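Going left to right, the sequence shown walks through residues 1 to 196 as full-length UniProt numbering numbers them. See structure below.
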Amino acid sequence: MKIGILALQGAFIEHKTMLERLGCGSFEIRKKEDVKAMDGLILPGGESTVMTKLLHELALYEPLSCMIRNGLPVFGTCAGLILLAKDVIGGKTCFGCMNITARRNAYGRQLGSFRTKGYMAGIGTIPMVFIRGPYIEHAGDRAEVLARVEGHIVAARQDNMLVVSFHPELMPDERLHSFFLDMAAKHRAEKTARAI
Ligand code: GLN
1 MKIGILALQG AFIEHKTMLE RLGCGSFEIR KKEDVKAMDG LILPGGESTV
51 MTKLLHELAL YEPLSCMIRN GLPVFGTCAG LILLAKDVIG GKTCFGCMNI
101 TARRNAYGRQ LGSFRTKGYM AGIGTIPMVF IRGPYIEHAG DRAEVLARVE
151 GHIVAARQDN MLVVSFHPEL MPDERLHSFF LDMAAKHRAE KTARAI
């Protein structure tokens, strides 16, 4: 399997390292020419406004948006969650393909970064590191809530899209990335079955 990682800015190296630990190959996407067949896509944490601007300037927006809409498994962490959200409070919509409303910088400037542990459906209790992250104000049609912290939604899934408000790539726990790789493996198997 090969996972593409958007590498314009932010915490992309940490995702790459995590995938290496899980024995999964990956490649970085920085320009249009880097977009090729992949089994999954990771949209990392960083600054969603900067990433949105660069996605358009580098002509990456169209091909990636098309792949996501066609069912490519995608894992958005923190700013990556914002990139996928249909509605963004305090920011602009980027891909807009997931039925969630994301509140940017939801925890405020001072208390924006913290660690906790939380229960995530399908995985169990995992460590969660928040760095000026968003939370999901509202999960709409088909968006399944997977975790809440202090009442706020911090993880959700809709079909091929998995999003979390926190940074699993910064913690030693590999379960969330394994979960995403399972989504990617299933998609790959379905694609192969259709081709036969
Ligand atoms: N505050 C950032 C944004 O709005 C997200 C922070 C992060 O990805 N750690 O894009």
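Glycine is no exception: its CB is placed at the ideal position from the N, C-alpha and C atoms. Bear in mind the structure is a predicted one, so any value in this text is a computation, not a measurement.
- Its Cα nearest to that of S48, the residue G76 stands out among N70, L72, G76.
- At the C-beta level, I3 and G40 come within 9 Å of one another.
- The beta carbon of H15 sits no closer than 8 Å to any heavy atom of the ligand GLN.
- R104 is positioned such that its CB atom lies closer than 9 Å to that of P134.
- I136 sits away from F179, with the two beta carbons spaced by 9 Å or more.
- For the 9 Å CB-CB criterion, I68 and F95 form a contact.
- The three-state reading of DSSP puts H152 in strand, counting E and B together.
- In the three-state reduction of the DSSP assignment, G45 falls in the coil class, being assigned neither a helical nor a strand state.
- For M98, the secondary structure class from DSSP, reduced to helix, strand or coil, is strand.
- Judged by their CB atoms, D173 and I131 are not nearer to each other than the 9 Å cut-off.
- With the rule of 3 Cβ pairs closer than 8 Å, the segment 52–68 does not count as touching the segment 139–152.
- For H187 and R157, the gap between their C-alpha atoms comes out near 15 Å.
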